[in-house]
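Reading through the structure tokens given below for one structure.
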Amino acid sequence: MKIATFNINGIKARAEALVTWLREAEPDLVALQEIKSTDEAFPHEIFEGLGYFIETHGQKSFNGVALLSKLPLEDVERGLPGDDGDEQARWIEATVVGKRAVRFCGLYLPNGNPAPGPKYDYKLAWMERMRARAAELLASEEPVILAGDYNVIPQDEDAAKPEAWREDALALPDSRAAFRRIVNLGYTDAFRAEVEGPGHYTFWDYQAGAWQRNNGIRIDHMLLSPQAADLLRGVTIDKEIRGRDKPSDHVPLVIELDA
DNA sequence: ATGGTCGAAACTCGA
Numbered sequence: 141m142k143i144a145t146f147n148i149n150g151i152k153a154r155a156e157a158l159v160t161w162l163r164e165a166e167p168d169l170v171a172l173q174e175i176k177s178t179d180e181a182f183p184h185e186i187f188e189g190l191g192y193f194i195e196t197h198g199q200k201s202f203n204g205v206a207l208l209s210k211l212p213l214e215d216v217e218r219g220l221p222g223d224d225g226d227e228q229a230r231w232i233e234a235t236v237v238g239k240r241a242v243r244f245c246g247l248y249l250p251n252g253n254p255a256p257g258p259k260y261d262y263k264l265a266w267m268e269r270m271r272a273r274a275a276e277l278l279a280s281e282e283p284v285i286l287a288g289d290y291n292v293i294p295q296d297e298d299a300a301k302p303e304a305w306r307e308d309a310l311a312l313p314d315s316r317a318a319f320r321r322i323v324n325l326g327y328t329d330a331f332r333a334e335v336e337g338p339g340h341y342t343f344w345d346y347q348a349g350a351w352q353r354n355n356g357i358r359i360d361h362m363l364l365s366p367q368a369a370d371l372l373r374g375v376t377i378d379k380e381i382r383g384r385d386k387p388s389d390h391v392p393l394v395i396e397l398d399a
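Converting from the first sequence to our numbering requires adding 140 to each position, the first position being numbered 1.
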């Protein structure tokens, strides 16, 4: 099963480019972030026409996540537990049954800038809520995938210019520690299970020629439960599409799972 | 040190 996560930065602006990529890559299961759309305004029919089931958790203008799947999406849950007052659409999960049942979570973790400040406090609180949900999911002892835009640069080697991110919410020590607290529950960073060393990025800013200078960061991740990590057969970053017309500032991270 | 670019939607904010 080919599984991807892709921050598309607006479904209305990206529908055409997304269809092109889906036709080429033919993923079975995709987590989308930053749909920037309400559920009603999301162009479901375009993706249903490509043979995907689709579930969205959107809001007007900002944030918003969605799941696309060639197999039915079962037991869909929207919203990250732990704060009934949180109105930001950043979490959706569902079960997909192939050879194995997989619990697939799509997440758009808060950016957190400027730090310090209320947005950074929200990011860290959100990460603690995510840790609690990740721990619950581990207890199922089933394959679990936490896929999305984490807005966390895990280590200096995950940035072309780490010094430029020293004071940024994506790289501050508290952000990295909160990310490690989730990993250390027993999850595997799928990309780092397969690839060592610097120079691998999933995001290049639109500004200052970041793509042309390869000034990127690795902030889109898939964390795998032990039962999912056992099934990992490969990982790729579809970097090439960043150079196309009207690209997202992120590119897809794709894994092959024997499920 | 600054400004540089996008998307959604509205005359600005979030990234």
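Quick reminder that beta carbons are idealized off the backbone N, C-alpha and C, glycines included.
Span of the alpha helix (DSSP H), counted from its first residue to its last, around residue i
i       : result
Leu-286 : Note, Leu-286: premise wrong, no alpha helix (DSSP H); beta strand (DSSP E) at 284-289.
Thr-160 : 151-165
Ile-143 : Per DSSP, Ile-143 belongs to no alpha helix (DSSP H); it is in the beta strand (DSSP E), 142-147.
Proximity of residue i and residue j at Cβ, strictly below 8 Å
i       : j       : result
Met-362 : Ala-330 : yes
Leu-208 : Arg-230 : no
Cys-245 : Ile-194 : no
Ala-153 : Ala-287 : no
Asp-314 : Leu-264 : yes
Asn-203 : Ser-388 : no
Pro-283 : Val-323 : no
Gly-326 : Pro-294 : no
Gly-337 : Glu-303 : no
Asn-355 : Lys-301 : yes
Lys-386 : Ala-165 : no
Ala-399 : Gly-257 : no
Ala-299 : Ala-255 : no
Thr-145 : Leu-393 : yes
Range covered by the beta strand (DSSP E) that runs through residue i
i       : result
His-361 : 360-364
Trp-266 : Not the beta strand (DSSP E): Trp-266 falls in the alpha helix (DSSP H), residues 258-278.
Phe-182 : Here Phe-182 belongs to no beta strand (DSSP E), and DSSP marks it neither H nor E.
Asp-215 : 214-218
Gly-237 : Going by the sequence as given, residue 237 is Val instead of Gly. Element bounds for Val-237: 231-237.
His-197 : 193-197
Ala-241 : 241-248
Thr-376 : 372-377
Leu-393 : 393-397
Where residue i falls: helix, strand or coil (DSSP)
i       : result
Ala-304 : helix
Asp-224 : coil
Val-205 : strand
Ile-175 : coil
Ala-348 : helix
Ala-311 : coil
Asp-329 : strand
Glu-336 : coil
Gly-383 : helix
Ile-293 : coil
Ala-299 : strand
7 Å Cβ shell around residue i - same chain, five flanking residues per side excluded
i       : result
Val-391 : Thr-342, Ile-377, Asp-378, Lys-379, Ile-381, Arg-382
Ile-395 : Ile-143, Ala-330, Met-362, Leu-372, Gly-374, Val-375
Ser-177 : Ile-151, Lys-152, Gly-198, Gly-204
Leu-213 : Phe-193, Glu-195, Leu-207, Ala-234, Val-236
Ala-333 : Ala-369, Leu-372
Leu-364 : Ile-285, Tyr-327, Thr-328, Ala-330, Leu-372
Arg-316 : Val-292, Pro-294
Residues of its chain near residue i, where Cβ-Cβ distance is below 6 Å and the 5 sequence neighbours each way are ignored
i       : result
Ala-369 : Thr-328
Arg-218 : His-197, Ile-232
Pro-183 : Ala-155
Asp-289 : Asn-147, Gln-173, Tyr-248, Asp-360
Ala-350 : Trp-344
Glu-276 : none
Tyr-346 : Asp-389
Heavy atom of the ligand GDP within 7 Å of residue i beta-carbon
i       : result
Pro-338 : Among the components modelled here there is no ligand, and therefore nothing to report on the ligand GDP.
Spatial neighbours of residue i in its chain, beta-carbon cut-off 8 Å, leaving aside the 5 residues before and after
i       : result
Leu-162 : Val-170, Phe-187, Leu-190, Tyr-192, Leu-208
Gln-228 : Gln-199, Phe-202, Asn-203, Pro-250
Pro-221 : Arg-269, Ala-272, Arg-273
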